[in-house]
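Chains as they are written, first to last, in this note's numbering: chain Y, -14 to 238; chain W, 1247 to 1556.
All residues carry an ideal CB built from backbone N, CA and C; glycine is no exception.
Data block below; observations after.
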Amino acid sequence: MSMLEVKDLSIHFGGVKAVQNVTFNIDSGIVYSVIGPNGAGKTTLFNLITGVYKPTTGEIKLDGEAIHGKSPNQLAERGVARTFQNLQICMNMSAVENVMVGAHLRLDRNLVKAALRFPGLKKRDRDLRDEAAQLMDFVGLGQYVETRADAMSYGALKRLEIARALAMKPRLIFLDEPAAGLNPKETIEVDHLVRKIADSGVTVVLVEHDMKMVMNLSDRILVLDYGKKLAEGTGEEIRKNPDVIAAYLGAHA
Amino acid sequence: MKKNVYFGLYLVVALLAVLPFVVPNSFYLDLVIRMAINAVIVLGLNLLIGFAGQISLGHAGFLGIGAYASAVLPTHFGWHPLLAMGAGAAATGILAALVARPIFKLKGHYLAMATLGLGIIINIALRNEAQWTGGPDGMPVPAMGLFGFELSNDKQWYWVVALLLSVSVWASLNLIDSPFGRALRALHGSEVASQVVGVDVVRYKVAIFVLSAVFASLMGSVTAHYVGFVSPNFADFFHSIELVTMVVIGGMASVYGSLVGAVLLTALPQALATFEGWETVVFGAILMGCMIFLPKGLVPTLAAKFGKGE
């Protein structure tokens, strides 16, 4: 059985059909990429699956359980993590605290214990800080642990989002254009990072415009255009698909 | 957020321990007590406004519930003052929780309007239920006693309030550097990011709103017993604004900023009394100057200037 099953998924914003009748399955342990021209509905699809938007029609199943209509925090409880195309970093916190927030669900969130500084809670927090620092090392941000988030570069913040998502210990991670706006060197680093994440057993769903990276990493690829599924298959199949070539290069190419 | 976060706390405790021996007379002691009471309220409000990024323009209403619970219940029903205080806090907590769920579906201006309305409703109720509350004239509050020992003079009150303030500073520092506190700050920084890591945003907003309302209610009771008299002015809109101003001037999301804001805004009207008729004008000018030159509030701006971070 597939880990994630999406069936006839649609969402309309007024008259705009941003995603229309999209169906696909994602198997556990693979890297699955979603590509398509700008405005094709890739990020909307992410927002639907991670609960930020509620679908107009259709269903989404995670391990056979229907999850459409659930809120993002309920999905987080089920091991679904994501990053954002437009950065969503808490600029009022330090870098390491941003990562520590990722572990929210694994912690004791009791208010009274926190206010009275229960020793167990404090110790757990110290361990977590070390764990978060290790995660930052893993994504290549080892030197920024104590830095304030608002003092970090764009490329570093992109990776900080990935570290925060990993702090959830997710089973399924959605990466929305992790290499957007990065220079070629940084792009290669992110490419290696996504590979490492996949190798650690996390199922990765990737939206990315960098085709070299997509072809390099993906086990399967979904192509969207104008909110509809244009094609799905392995990298080789997608590369040869005439519809995909037409959508990217123009119908008369 | 390193080891020295408690350094400021030690300083506050030391200052509180020395103050009563250096203040020249009871007028100043009274001023210090009112500063400390305001500081506790502002600490709670800053958790809501500065750390969680939500606004409340009705906090004086919660203060009023606590104050009037301490006045009405012992006077009319013969309740013990401590029990009345607890009942006031519980009632405030329940009211805050009931209204918070629908209120926190709102954001920005709408949230401000909703809390404003709530505060005004509480104030109107206190003014109109004259048979219980004395209406616009207010009513006297019986003295606070415990095991036959009665809190009567300012010195005793000072130590009670100083203890409350020290504990509040300690608890606030603990709270913001905990999983709960990080979730609060995260939903301020990016609501959607905090949601996708599992923070139940509405629950946390409700929790901190209730906590800061209960803080206000308890301190309302303390004030009522200390002053010995309550009036509806205590719970009116202008008092709510004054509290928010203390948060903003002192510094949003800054524990020590809350203290500075409370001390400054409690002291300023007294200090400006020499300007006679012009005191409100000077007061307003100082506030405007603060917002133009120190938009982040006194403590965070100065801390950044001297390169400490917070």
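- Contacts with chain W (Cβ-Cβ distance below 8 Å) from the segment 67 to 81 of chain Y involve Arg67, Phe69, Gln73, Ile74, Cys75, Met76, Asn77, Met78 and Ser79, listed in chain order.
- By the neighbour-count criterion, in which 16 or more other beta carbons inside 10 Å mark a residue as buried, Tyr1252 of chain W falls on the exposed side.
- Against chain W, the CB of Gly87 of chain Y has a partner CB under 8 Å away; the residue lies at that interface.
- Contact between Ile1287 of chain W and Leu1489 of chain W is confirmed by a C-beta separation of about 6 Å, below the 8 Å threshold.
- Inter-segment contact for the segment 36 to 51 of chain Y and the segment 72 to 83 of chain Y is absent: fewer than three beta-carbon pairs are separated by less than 8 Å.
- Taking 8 Å as the CB threshold, Gly1332 of chain W stays off the interface with chain Y.
- For Thr1469 of chain W, the uninterrupted alpha helix (DSSP H) run begins and ends at Val1447 to Val1473, by DSSP.
- Listed by position along chain Y, the residues whose Cβ is nearer than 7 Å to that of Val1445 of chain W are Asn58 and His89.
- Using a CB distance below 9 Å, no part of the segment -3 to 19 of chain Y faces chain W.
- Unbroken beta strand (DSSP E) stretches of 3 residues or longer found wholly inside the segment -12 to 49 of chain Y: -11 to -2, 1 to 11, 16 to 20 and 42 to 47, given in chain order.
- Within the model, the alpha-carbon separation for Ala1432 of chain W versus Met(-12) of chain Y is close to 30 Å.
- By the Cβ-count criterion, Tyr1502 of chain W is buried, with 16 or more other Cβ atoms from all chains shown falling within 10 Å of its own Cβ.
- In the structure shown, Ala216 of chain Y falls within a strand segment according to DSSP collapsed to helix, strand and coil.
- The contact set of Val37 of chain Y on chain W, defined by CB atoms closer than 7 Å, consists of Val1438 in chain order.
- The criterion of a C-beta distance shorter than 8 Å is not satisfied by Ala88 of chain Y and Pro155 of chain Y.
- Separation of the CB atoms of Gly1299 of chain W and Asn1369 of chain W is rounded to 26 Å, and the pair is thereby denied contact status at 8 Å.
- Under a criterion of Cβ atoms nearer than 7 Å, the residues of chain Y adjacent to Gly1427 of chain W are, in order, Ala99.
- In the structure shown, Pro163 of chain Y adopts coil according to DSSP, grouped into three states.
- Burial is judged here by how many other beta carbons sit within 10 angstroms of a residue's own beta carbon; Pro1270 of chain W has fewer than 16 and is exposed.
- Here Ala1263 of chain W is actually not in contact with Cys75 of chain Y; their C-beta atoms are around 37 Å apart, not less than 8 Å.
- Of the candidates Y:Glu217, Y:Gly43 and Y:Leu160, the residue whose Cα lies closest to the Cα of His(-3) of chain Y is Y:Gly43.
- C-alpha of Glu217 of chain Y to C-alpha of Ser203 of chain Y: approximately 12 Å in a straight line.
- For Met(-14) of chain Y, the CB contacts under 8 Å within the same chain, skipping 5 residues up- and downstream, are Asp48 and Gly49 in chain order.
- Residue Y:Leu30 holds the alpha-carbon nearest to the alpha-carbon of Glu(-10) of chain Y among Y:Leu142, Y:Leu92 and Y:Leu30.
- Bridge partners of Gly1391 of chain W according to DSSP: W:Glu1396.
- Shortest Cα-Cα distance from Leu1289 of chain W to any of W:Leu1277, W:Val1406 and W:Leu1419 involves W:Leu1419.
- Using a CB distance below 9 Å, the part of the segment 136 to 153 of chain Y facing chain W consists of Glu146, Arg149, Ala150, Ala152 and Met153, ordered along the chain.
- Within the same chain, Cβ atoms closer than 8 Å to the Cβ of Val229 of chain Y are found at Val208, Leu215, Ala216 and Ile223, the five residues on either side in sequence being excluded.
- Proximity of chain W to Ala117 of chain Y at the Cβ level (cut-off 9 Å) is not reached, the minimal Cβ distance being about 11 Å.
- Rounded to the nearest whole angstrom, the C-alpha separation of Phe1521 of chain W and Thr1512 of chain W is 16 Å.
- Here the segment 1399 to 1411 of chain W does not lie against the segment 1321 to 1339 of chain W, with fewer than 3 beta-carbon pairs under 8 Å apart.
- The closest CA to that of Gly1296 of chain W, considering only W:Ile1340, W:Val1506 and W:Ala1499, is found on W:Ala1499.
- For Ala1346 of chain W, same chain residues with a beta-carbon under 8 Å away, outside a window of 5 residues either side, are Lys1451, Val1452, Phe1455 and Val1456 in chain order.
- For Leu209 of chain Y, the enclosing beta strand (DSSP E) begins and ends at Arg205 to Asp210.
- Assignment of Ser185 of chain Y by DSSP, reduced to helix, strand and coil, places it in the coil class.
- Its Cα nearest to that of Ala141 of chain Y, the residue Y:Gln73 stands out among Y:Phe9, Y:Gln73 and Y:Asp(-7).
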